[in-house]
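Down below is the structure, laid out as structure tokens.
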Amino acid sequence: SRSIDLAVVPGDGIGQEVVAQGLKVLTAVLPQDVKLETKEYDLGAKRWHRTGETLPDAELEALKNHDAILLGAIGDPSVPSGVLERGLLLKLRFAFDHFINLRPSRLFPNTATPLAIRDEQRGAIDFVVVREGTEGPYTGNGGSLRTGTPAEVATEVSVNTAYGVERVVRDAFERADARPRKKLTLVHKNNVLVYAGHLWKNIFDKVAQEYPDVTTDYLHVDAATIFFVTQPERFDVIVTDNLFGDILTDLAAAVTGGIGLAASGNINPTGAFPSMFEPVHGSAPDIAGTGKADPTATILSVALLLRHLGYDAEAARIEDAVSADLAERDGTFRTTDQIGDALAVRVAS
Ligand code: IPM
Ligand code: MN
Numbered sequence: 002s003r004s005i006d007l008a009v010v011p012g013d014g015i016g017q018e019v020v021a022q023g024l025k026v027l028t029a030v031l032p033q034d035v036k037l038e039t040k041e042y043d044l045g046a047k048r049w050h051r052t053g054e055t056l057p058d059a060e061l062e063a064l065k066n067h068d069a070i071l072l073g074a075i076g077d078p079s080v081p082s083g084v085l086e087r088g089l090l091l092k093l094r095f096a097f098d099h100f101i102n103l104r105p106s107r108l109f110p111n112t113a114t115p116l117a118i119r120d121e122q123r124g125a126i127d128f129v130v131v132r133e134g135t136e137g138p139y140t141g142n143g144g145s146l147r148t149g150t151p152a153e154v155a156t157e158v159s160v161n162t163a164y165g166v167e168r169v170v171r172d173a174f175e176r177a178d179a180r181p182r183k184k185l186t187l188v189h190k191n192n193v194l195v196y197a198g199h200l201w202k203n204i205f206d207k208v209a210q211e212y213p214d215v216t217t218d219y220l221h222v223d224a225a226t227i228f229f230v231t232q233p234e235r236f237d238v239i240v241t242d243n244l245f246g247d248i249l250t251d252l253a254a255a256v257t258g259g260i261g262l263a264a265s266g267n268i269n270p271t272g273a274f275p276s277m278f279e280p281v282h283g284s285a286p287d288i289a290g291t292g293k294a295d296p297t298a299t300i301l302s303v304a305l306l307l308r309h310l311g312y313d314a315e316a317a318r319i320e321d322a323v324s325a326d327l328a329e330r331d332g333t334f335r336t337t338d339q340i341g342d343a344l345a346v347r348v349a350s
């Protein structure tokens, strides 16, 4: 019989609340014969305050044995900036070699957008950013000289390897080839960042030859931000480096219903390590405990998790339920729990 052995890292702030709803919907959508086991890991700000630990080796080892990880949110203003980001979230992404950071954006019906678009255009806004997850300026390759003096010099080196670029570019071509529009846009800044930019472009052009059905395009990242706002329907799949992808996906979320809807997967497609699914948003300590957090981003992340594990029909049921639920939202306030309950009912029926 089938089973899912899931590690759950609720984390900080609203992380706890949204993860509870994600698990509720996951339980509701799974067929009877699939056995779901969950194990919660106490990681995040509270743990750090209590013990000074961010992610001890024993827990990193234990996490390795699960089929996947569901993560809520990490971070709290009481913890110095960077401690949990580097010591926990990025540590997991790097240790489990999550080289694909998958961030889909779709303009669901009846969702708020600052875009000046007609209703008929909404369906065309459906793209996915394949953000590189293990390299770029995120590797911690940098340093500071004469720290704290007027002569301070700080470097933060972007690391790009042919191996790392090729594997994410290949994955993006595969994803583009599997979608109806079959279009892949490389986003970089090769007019200024010439070394990394040329590595990306050369590998992109080389791999493109193996995918004759995929239409390709290149945009500098600054130009891409304009198109995200003026013409988001031009995008299908986007492949880009870690930092550009971080920034672009916040913008993507902002134009497609807000950060409350943005889902993500930190994926290792080889299966060598568990992949990790999390909402793009943070721990939002300002609204923690108020019931105002929208769990939809986490619930959509659960759909990505299910698709990664091969439960395509169940993933689609969650996405359809979200779409139907959004279509009926009329601005009446619903708590985190109420949204989770409504979606759990929809996916079960
Ligand atoms: C994200 C976040 C993280 C990132 C931070 C918290 C390390 O902004 O998941 O987008 O930069 O990747
Ligand atoms: Mn981000």
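Going by full-length UniProt numbering, the sequence shown opens with residue 2, and the numbers climb by one from there. Just so it is clear, CB atoms sit at the ideal spot from N, CA and C, and this is done for glycine as well.
Is residue 19 a contact residue of the ligand IPM, with contact defined as CB to any heavy atom under 7 Å?
The closest heavy atom of the ligand IPM lies 7 Å or more from the beta carbon of residue 19.
Would a C-beta distance cut-off of 8 Å place residue 314 and residue 261 closer than the cut-off?
Not closer than 8 Å, so no.
Residue 136 in three-state terms, based on DSSP:
If DSSP states are grouped into helix, strand and coil, residue 136 belongs with coil.
Could you compute how far the alpha carbon of residue 252 sits from the alpha carbon of residue 124?
Going from the Cα of residue 252 to the Cα of residue 124 covers about 18 Å.
On a CA-only basis, which of 256, 41, 303 and 270 is nearest residue 112? Give me that one, please.
With respect to the C-alpha of residue 112, the residue from 256, 41, 303 and 270 having the closest C-alpha is 256.
Where does residue 74 fall in DSSP's three states?
Looking at residue 74 - three-state DSSP - the assignment turns out to be strand.
Expressed to the nearest angstrom, what Euclidean distance is found between the alpha-carbon atoms of residue 142 and residue 286?
Approximately 30 Å, taken between the alpha carbons.
Use the C-beta contact count for residue 340: other C-beta atoms within 10 angstroms, 16 or more gives buried, fewer gives exposed.
The residue in question, residue 340, is buried, as its Cβ has 16 or more Cβ neighbours within 10 Å.
Integer Cβ distance of residue 264 from residue 307, believed to fall under 8 Å
Between the beta-carbon of residue 264 and that of residue 307 there is about 12 Å, and that puts the pair past the 8 Å contact cut.
Buried/exposed call for residue 25, threshold 16 Cβ in 10 Å
Flag for residue 25 reads buried.
Kindly list the residues whose CB is nearer than 8 Å to the CB of residue 144, restricted to its own chain and excluding five residues on each side of it in sequence; keep chain order.
Excluding positions up to five away in sequence, the list reads 155 and 156.
Can you tell which of 283, 348 and 270 has the C-alpha that lies nearest to the C-alpha of residue 311?
Ranking 283, 348 and 270 by Cα distance to residue 311 puts 270 first.
Neighbouring residues (CB closer than 5 Å to any heavy atom of the ligand IPM)
Having a Cβ closer than 5 Å to some heavy atom of the ligand IPM are 86 and 247.
If we call anything under 8 Å between Cβ atoms a contact, is residue 188 one with residue 222?
A contact, by the Cβ cut-off of 8 Å.
Which class does residue 104 belong to by DSSP, given the choice of helix, strand or coil?
Here DSSP, grouped into helix, strand and coil, assigns residue 104 to strand.
Within 8 Å, do at least three Cβ pairs link the segment 279-295 to the segment 313-328?
Between the segment 313-328 and the segment 279-295, the count of Cβ pairs shorter than 8 Å is below three; the stretches do not touch.
Exposure of residue 282, with buried meaning 16 or more beta-carbon neighbours within 10 Å:
With 16 or more Cβ atoms within 10 Å of its Cβ, residue 282 is classed as buried.
When DSSP builds the beta bridges, which residues end up paired with residue 243?
DSSP lists no bridge partner for residue 243.
Span of the alpha helix (DSSP H), counted from its first residue to its last, around residue 309:
Bounds of the alpha helix (DSSP H) holding residue 309 are 297-309.
Based on Cα-Cα distance, which residue from 294, 324, 140 and 335 lies nearest to residue 15?
When 294, 324, 140 and 335 are compared, the shortest CA-CA separation from residue 15 is found for 294.
In this structure, how does DSSP classify residue 331 when only helix, strand and coil are distinguished?
Here residue 331 carries a coil assignment [DSSP, helix/strand/coil].
Considering Cα atoms alone, identify which of 303, 201, 173 and 244 is closest to residue 1.
The structure shown does not extend to residue 1, since the chain is modelled only from 2 through 350, so no value can be given for it.
Please report the residue range of the beta strand (DSSP E) in which residue 268 lies.
That run of the beta strand (DSSP E) goes 264-268.
Where DSSP assigns a beta bridge to residue 238, which residues make up the other side?
Answer is 129 and 185, bridged to residue 238.
Using a threshold of 7 Å, is the CB atom of residue 251 nearer than that to any non-hydrogen atom of the ligand MN?
Relative to the ligand MN, residue 251 has its C-beta within less than 7 Å of a heavy atom.
Could you check where the alpha helix (DSSP H) with residue 164 kicks off and where it finishes?
Segment 163-178, the alpha helix (DSSP H) holding residue 164.
Less than 8 Å between the beta carbons of residue 190 and residue 214, yes or no?
No, these two residues do not count as a Cβ contact at 8 Å.
Using the DSSP secondary-structure output, state which residues sit across from residue 279 in a beta bridge.
According to DSSP, residue 279 bridges with 265.
Using a 10 Å radius around the Cβ and a threshold of 16 neighbouring Cβ atoms, would you call residue 99 buried or exposed?
Buried.
Please indicate yes or no: does the CB of residue 162 lie closer than 7 Å to some heavy atom of the ligand ATP?
Although the ligand ATP was asked about, the structure shown includes only the ligand IPM and the ligand MN as ligands.
Can you tell me whether residue 309 is buried or exposed? The criterion is at least 16 other CB atoms within 10 Å of its CB, across all chains shown.
Buried.
Contact between the segment 325-333 and the segment 2-21 is defined here as three or more beta-carbon pairs at a separation below 8 Å; is this criterion met?
With the cut-off at 8 Å, the segment 325-333 and the segment 2-21 do not touch.
In the DSSP assignment, the alpha helix (DSSP H) including residue 1 goes from what residue to what residue?
Past the boundaries of the shown model lies residue 1; the chain is included only from 2 to 350, so the question cannot be answered.
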